[in-house]
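Let me begin by presenting the structure, written as structure tokens, before commenting on it.
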Amino acid sequence: MSAVAARIHPARGVLALTVAFGLAIPLGLSAPSSAGPTHQLLLTSTGSVEELATDVALAGGRIVQTYEIAKTVLAELPESVSAPEGSFVVPNVAMKFNSAPAATTGSDATNTFKATIGAPSTGGAGVKVAVVDTGVDPAADITVSDRVNVSGGPAGDGLGHGTFMAGLVAGDNADFGGVAPDASVVDVQVAAADGSTDLQRVLAGLQAVADKRASDPSLDVLMLALNAGSPLPLYLDPLTLALDRLWDSGVTVVVASGNDGANVLSSPATDPQLLVVGAQDERDTAVRDDDVVADFSSYGKSMGIDRPDLVAPGVSLISTSPLASDAYTANSGSVVAPGYLKGTGTSMSAAVAAGAVAALLAERPSLTPDTAKNLLVGTAYRNPALTKTNGAGAGGLDLGKALAADLGSVGTTNTPPINSPKYGPTESDAATWAAFAAGWVAGDLNAVAAAWSKLTPQTRKWAANAWGMAALVR
Numbered sequence: 046m047s048a049v050a051a052r053i054h055p056a057r058g059v060l061a062l063t064v065a066f067g068l069a070i071p072l073g074l075s076a077p078s079s080a081g082p083t084h085q086l087l088l089t090s091t092g093s094v095e096e097l098a099t100d101v102a103l104a105g106g107r108i109v110q111t112y113e114i115a116k117t118v119l120a121e122l123p124e125s126v127s128a129p130e131g132s133f134v135v136p137n138v139a140m141k142f143n144s145a146p147a148a149t150t151g152s153d154a155t156n157t158f159k160a161t162i163g164a165p166s167t168g169g170a171g172v173k174v175a176v177v178d179t180g181v182d183p184a185a186d187i188t189v190s191d192r193v194n195v196s197g198g199p200a201g202d203g204l205g206h207g208t209f210m211a212g213l214v215a216g217d218n219a220d221f222g223g224v225a226p227d228a229s230v231v232d233v234q235v236a237a238a239d240g241s242t243d244l245q246r247v248l249a250g251l252q253a254v255a256d257k258r259a260s261d262p263s264l265d266v267l268m269l270a271l272n273a274g275s276p277l278p279l280y281l282d283p284l285t286l287a288l289d290r291l292w293d294s295g296v297t298v299v300v301a302s303g304n305d306g307a308n309v310l311s312s313p314a315t316d317p318q319l320l321v322v323g324a325q326d327e328r329d330t331a332v333r334d335d336d337v338v339a340d341f342s343s344y345g346k347s348m349g350i351d352r353p354d355l356v357a358p359g360v361s362l363i364s365t366s367p368l369a370s371d372a373y374t375a376n377s378g379s380v381v382a383p384g385y386l387k388g389t390g391t392s393m394s395a396a397v398a399a400g401a402v403a404a405l406l407a408e409r410p411s412l413t414p415d416t417a418k419n420l421l422v423g424t425a426y427r428n429p430a431l432t433k434t435n436g437a438g439a440g441g442l443d444l445g446k447a448l449a450a451d452l453g454s455v456g457t458t459n460t461p462p463i464n465s466p467k468y469g470p471t472e473s474d475a476a477t478w479a480a481f482a483a484g485w486v487a488g489d490l491n492a493v494a495a496a497w498s499k500l501t502p503q504t505r506k507w508a509a510n511a512w513g514m515a516a517l518v519r
């Protein structure tokens, strides 16, 4: 391989391409002094974490924390260095929970969501569900098998969101229990007491899940009801990469579609591999014919694929919340019993679906994330208002049908993972790519044009994305 070709090899990351092509984008690669002001940045690359660590060291920095599951590091660098060669900066965006303002109690304090989805009275035994959220109150009627706090603050659920989600998944209260009351929850607290969090803390939580999964195969499900306005494309976004790698390791990942309505999707609901769940309004009944998609439920297309995959109850669901939490004290009109209140949002829908996955895996432990998703999507029910056009995806979640269905009769909904080679350059273009780069470096535009015309459309698309990303992050 020529020196020019080596400098633009895809494994070294999209920014290595900018070096070879001589784009006027500062890389901040002057040899920094070990003394002086520094700053911390999230960095990732299309290469390995080991290569990334080497690049950071060569730039005079050090690794503060590694998120192997996301191929991302938190690095401390000299203030003069924006990002080492071969890496790019990941914006540490704030993340928000997908809960709408709580509903009032309405006519009664009866939960209908379990009857709507056909959930049995028991389920989930032996399955652990990671709830990556604001924490789970120790006093709640929920079996918690383990707790991890990466929020940077004290343990506990100050907001009340995480406890509410965990209750919908696996609450075992006789009146207001969850979908899989026999399952246990792994409490992964990624938010401060006021519910604030960011990508860095969520990545730390996902790394903790990956570490636990490596030694405990019963940790089979993860639910995440957060989204972020990440500027990065799916195949470079550490959040979606981490969730996809957890999926590949055998963890069925359930995420909320968002509360922003039609044609507005945010990461990770844009990921076609994950089980993405929108919200349906049951109209306070267990009758399916009157169900509609909630007006706040986000839907649209991502990479040409309709999101969400399906909908689940998400309006006026009853679950538990700590008595001193913000959610409980600020919404007295939603309280139906001490420690229990009604809440609304696609967060709730994702929790219901995560509980359904736990119940399904307890009965069918051989299911993989792909086959579990296929089964739930393939058995969803429709009515005139639950259509793909209206944002319902395949329709309403039907756990009862999924538990009884013959897996062989359910079609496939698998999609290529976002880190699939289909989203990168084509290996057969290597020689032509080297000729293109050599022509660029030499200033021979005729050679550049000739080589470009011979590249496959996929490689041209990758190159355009790489240039655009380099401009964005620099």
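Numbering-wise, the working numbering puts 203 at position 158 of the sequence shown, and it's gapless, one number per residue. Positions of the beta carbon are idealized from the N, C-alpha and C atoms, including for glycine.
Point to revise | Span of the alpha helix (DSSP H), counted from its first residue to its last, around M210 | key: H206 to A215
Check your understanding: A270 to G201, Cα distance in whole Å?
Key -> 18 Å
Review point. How about T157 and A331: are their beta carbons less than 7 Å apart?
Key: Yes, the Cβ-Cβ distance between T157 and A331 is below 7 Å.
Practice item. Report the partner residues of Y373 according to the DSSP bridge assignment. Key: Looking at the DSSP assignment, Y373 forms no beta bridge with any residue, so it has no partner.
Review point. In terms of DSSP beta bridges, what is A307 paired with?
Key: Within the DSSP bridge table, the entry for A307 names Y344 as partners.
Review point. At what residues does the alpha helix (DSSP H) containing I6 begin and finish?
Key: Residue 6 is absent from the model: the chain starts at 46 and stops at 519.
Check your understanding: By DSSP, does L264 sit in helix, in strand, or in coil?
Key -> strand
**Study point:** Cβ distance (whole Å) where A417 is taken to contact T242 below 8 Å
**Key:** Not quite, the Cβ-Cβ distance comes to about 27 Å (not below 8 Å), so this is no contact.
Check your understanding: Using a Cβ-Cβ distance under 7 Å, would R427 count as near chain D?
Key -> In the displayed structure, chain D is absent; only one protein chain is listed.
Check your understanding: Quick one: what does DSSP say N419 is sitting in, helix, strand or coil?
Key -> helix
Practice item. Could you tell me which of P278, Q252 and V337 sits nearest to G440, measuring between CA atoms? Key: V337
**Study point:** Where S379 sits in the DSSP three-state scheme
**Key:** Three-state result, S379: helix.
Review point. So which of K173, A237 and A184 has the shortest CA-CA distance to V214?
Key: K173
Review point. For the beta strand (DSSP E) that P283 lies in, which residues bound it at each end?
Key: First-last for P283: P283 to D293, but that is the alpha helix (DSSP H), not the beta strand (DSSP E).
**Study point:** The beta strand (DSSP E) enclosing S302, as first and last residue numbers
**Key:** Here S302 belongs to no beta strand (DSSP E), and DSSP marks it neither H nor E.
**Study point:** Endpoints, the beta strand (DSSP E) within which G323 is located
**Key:** L320 to D326
Exercise for review: Would you please state the rounded distance, in angstroms, between the beta carbons of G400 and L362? I believe it to be under 8 Å.
Suggested key: 11 Å between Cβ atoms; not a contact.
**Study point:** Three-state class that DSSP yields for D227 in the structure shown
**Key:** coil
Check your understanding: So, are the CB atoms of L320 and A115 less than 7 Å apart?
Key -> no
Review point. Rounded to a whole number of angstroms, what is the C-alpha to C-alpha distance between I108 and A492?
Key: 41 Å
Review point. Less than 7 Å separating the beta-carbons of A222 and G216?
Key: A small fix is needed here, since residue 222 is Gly in this sequence, not Ala. In contact: G222 and G216 (Cβ atoms closer than 7 Å).
Check your understanding: Which of the three DSSP states, helix, strand or coil, is assigned to S75?
Key -> Confidence is the limiting factor: at S75 the pLDDT is only 36, short of 50, which leaves the residue's position unreliable, though a coordinate-based value still follows. Note: S75 maps to coil in three-state DSSP.
Review point. Does DSSP classify G92 as helix, strand or coil?
Key: Secondary structure at G92: coil, using DSSP grouped into helix, strand and coil.
Practice item. Please name the residue, chosen from V135, N419, A301 and A447, that lies closest to L286 on a Cα-to-Cα basis. Key: Closest in alpha carbon position to L286, among V135, N419, A301 and A447, is V135.
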